[in-house]
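Below is one structure, written out as structure tokens, with a few remarks after it.
In our numbering, the protein residues as written are 7 to 180.
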């Protein structure tokens, strides 16, 4: 028991002495190149947004879809936030065009063996869960992947007791 007390006192005193004359948070052997951010002035917008999302889990400066919405501003694109409002209304069967980012993707197989997937789409106004059926998946000429920016045509359909947005067509901007 006495030896443990001596050991604990030695450890506490040792740490006090290490920190006593400390005047810098970093060690003297720090590699300055590790914290050199001068090359980030020339980084592209998409790469910057990708790094923001990886670091923080959300987009800090802008959502990637904002650029595409401003570029295609003359066309009629809906925002995902507005589409949420239509779910509880009588807009069943209406089609909406949206520029969005694929935030989440989950492929499944039906009982009959047909492939379908659930997509979570997001834009600068919000996010929306959608369904892609096998007919759509067979018709596209690009790979659905998280992080892709796409233009989609969504159709509001009643499925059992709820309404869901079904992806009817899509074009990838990447």
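Just so you know, even glycine gets a beta-carbon here, dropped at the ideal spot from N, CA and C.
| Asked | Found |
| --- | --- |
| Local Cβ density within 10 Å of residue 148, reported as buried at 16 or more and exposed below that | exposed |
| Beta-carbon spacing of residue 154, residue 133 below 9 Å | no |
| Sub-9 Å separation of residue 60 and residue 67 beta-carbons | no |
| Test item: CB-CB of residue 112 and residue 125 under 9 Å | yes |
| Beta-carbon gap between residue 89 and residue 162 smaller than 9 Å | yes |
| C-beta contact flag for residue 172 and residue 146 at 9 Å | no |
| Span separating the alpha-carbon of residue 76 from that of residue 106 | 13 Å |
| Selected residue, minimal CA-CA separation from residue 156, among 128, 169 and 141 | 128 |
| Residue 102 versus residue 48: straight-line alpha-carbon distance, rounded | 37 Å |
| Host alpha helix (DSSP H) of residue 140 (start-end) | 140 to 145 |
| Bridge partners - residue 130, DSSP secondary structure assignment | Paired residue(s): none; residue 130 is not in a bridge. |
| Outcome for residue 158 when other beta-carbon atoms lying within 10 angstroms are tallied against a minimum of 16 | buried |
| Residue 121 versus residue 139: straight-line alpha-carbon distance, rounded | 7 Å |
| Residue range of the beta strand (DSSP E) that includes residue 164 | 155 to 165 |
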